[in-house]
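Asker: Structure provided below as structure tokens; questions to follow.
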Amino acid sequence: MFYETSQPHGLKRDPFKALVVPRPIGWISTVSATGVANLSPFSFFNAISASPPMVAFAANGRHAEGGPKDTLQNVMDTGEFVVNLATWDLREAVNRSSVAAPRAVDEFDLVGLEKLPSHLVRPPRVAASPVHLECRLLQIVPLPADPVTGEPNTLTIGSVVGVHIADAVLRDGRVDTAALAPIARLGYMDYAVVRDTFAMQRPTWPFIAEETPK
Ligand SMILES: Cc1cc2nc3c(=O)[nH]c(=O)nc-3n(C[C@H](O)[C@H](O)[C@H](O)COP(=O)(O)O)c2cc1C
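Going by the working numbering, the sequence shown opens with residue 1, and the numbers climb by one from there.
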């Protein structure tokens with residue numbers, strides 16, 4: 001099938017989010033101008049550069065109380081956020097932290113997660129998560145709004161200024177991704193978990209026999 005995105009796709013559900021998969025989940029902690037901690041998952045999230053390390057996430061829609069979602073509002077107010085790795089063990093907490101809680105609610109407390117202080121920024125880290133990226137705001141980019149609802153879309157780009165890795169997932173100086181068991185978002189209500197990995201060497205030009213893709 002083919003459809004133009006400005007026309008009806010004719011399927012029961014919009015397939016778009018099932019077609020860009022798996023999407024890593026940035027489980028983002030922030031703190032408000034008045035000191036309330038917030039925690040929310042974002043799957044329109046990725047690393048966008050390694051040197052310097054940078055990440056980006058998109059907030060879609062508004063807070064139930066109006067205005068930007070708390071995560072975006074807090075980053076606009078404080079210029080800081082932390083990305084906590086969403087793992088299989090933490091999947092229920094990740095999901096629960098997506099609830100549309102009132103602004104005044106501390107979502108660590110709501111979900112029952114212990115906080116750890118960050119080293120370089122104010123937002124706390126999820127103690128149970130094995131990886132944390134401490135980030136400072138670089139740029140907020142307004143994106144085209146939802147053409148149907150008019151709801152805003154906004155891209156937030158941050159510089160990663162500090163990285164925490166649990167010693168338990170480091171083996172011979174490398175991160176054991178399978179041991180982290182990161183979860184990722186698929187379409188609909190589906191998720192993936194990374195338990196298998198494989199390696200391939202990058203080819204050099206000209207191809208030699210062993211490097212030729214089969
Ligand atoms: C796995 C998962 C991924 C999500 N990804 C996004 C996303 O990329 N962008 C977004 O705006 N909302 C996303 N949501 C919904 C937000 O997490 C939800 O709106 C959250 O409550 C925002 O809260 P806040 O107002 O506390 O920032 C996602 C929810 C889940 C469960």
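Quick reminder that beta carbons are idealized off the backbone N, C-alpha and C, glycines included.
Does the separation of the CB atoms of leucine 116 and glycine 162 fall below 8 Å?
Answerer: Their beta carbons are not under 8 Å apart, which means leucine 116 does not touch glycine 162 by this criterion.
Asker: As a quick exercise: from Pro144, Val141, Asp176, Ile140, pick the residue whose alpha carbon is nearest that of proline 130.
Answerer: Considering only alpha carbons, the answer is Asp176.
Asker: Answer yes or no: do threonine 78 and threonine 30 have a C-beta to C-beta separation smaller than 8 Å?
Answerer: The answer is yes: Cβ separation under 8 Å.
Asker: When burial is assigned at 16 or more other CB atoms within 10 Å of the CB, is tryptophan 205 buried or exposed?
Answerer: Counting Cβ neighbours within 10 Å, tryptophan 205 comes out exposed, since fewer than 16 surround it.
Asker: When you measure from the CB of lysine 69 to every non-hydrogen atom of ligand 1, does any distance come out below 7 Å?
Answerer: Because some heavy atom of ligand 1 lies under 7 Å away, the Cβ of lysine 69 counts as near it: yes.
Asker: With burial defined as no fewer than 16 other Cβ atoms inside 10 Å of the residue's Cβ, what is the status of leucine 180: buried or exposed?
Answerer: The residue in question, leucine 180, is buried, as its Cβ has 16 or more Cβ neighbours within 10 Å.
Asker: Hey, would you say alanine 184 sits closer than 8 Å to isoleucine 25, going by beta carbons?
Answerer: Cβ distance < 8 Å, so alanine 184 and isoleucine 25 count as in contact.
Asker: For the segment 113-194, which segments carrying the alpha helix (DSSP H) assignment without a break, of at least 4 residues, lie completely within its bounds, in sequence order?
Answerer: Those alpha helix (DSSP H) runs which fall completely within the segment 113-194 and span 4+ residues are 177-180.
Asker: Per DSSP, phenylalanine 57 is paired with what?
Answerer: DSSP, once it has assigned bridges, lists Phe45, Thr156 as partnering phenylalanine 57.
Asker: Compute the Euclidean distance between the alpha carbons of valine 194 and leucine 11, then round it to the nearest angstrom.
Answerer: One C-alpha to the other measures close to 29 Å.
Asker: Is it right to say leucine 85 is buried, meaning 16 or more other beta carbons lie within 10 angstroms of its own, or is it exposed?
Answerer: The residue in question, leucine 85, is buried, as its Cβ has 16 or more Cβ neighbours within 10 Å.
Asker: Just tell me which of Val148, Val75, Val111, Pro152 has its CA closest to the CA of arginine 91.
Answerer: Among Val148, Val75, Val111, Pro152, the Cα nearest to that of arginine 91 belongs to Val111.
Asker: If you count every other CB in all the chains shown that lies within 10 Å of the CB of serine 97, and 16 or more means buried, which is it?
Answerer: It counts as buried.
Asker: From tyrosine 3 to aspartate 190, what does the alpha carbon distance come to, in whole angstroms?
Answerer: Each residue's Cα considered, the two are about 23 Å apart.
Asker: DSSP three-state label for glutamate 4, please.
Answerer: In the structure shown, glutamate 4 sits in coil (DSSP, three-state: anything other than H, G, I, E or B).
Asker: Compute the distance between the beta-carbons of leucine 137 and alanine 58, then report whether it is under 8 Å.
Answerer: Cβ atoms of leucine 137 and alanine 58: not closer than 8 Å.
Asker: Should phenylalanine 16 be counted as a contact of ligand 1 given a C-beta to heavy atom distance under 7 Å?
Answerer: Phenylalanine 16 Cβ: outside cutoff for every heavy atom of ligand 1.
Asker: If I follow the unbroken beta strand (DSSP E) through valine 31, where does it start and stop?
Answerer: Residues 26-31.
Asker: How would you call arginine 125, buried or exposed, if buried means at least 16 neighbouring beta carbons within 10 angstroms?
Answerer: Classification for arginine 125: buried.
Asker: Cβ of proline 206 versus every heavy atom of ligand 1: is any distance shorter than 7 Å?
Answerer: Checking every heavy atom of ligand 1 against the Cβ of proline 206, none is found closer than 7 Å.
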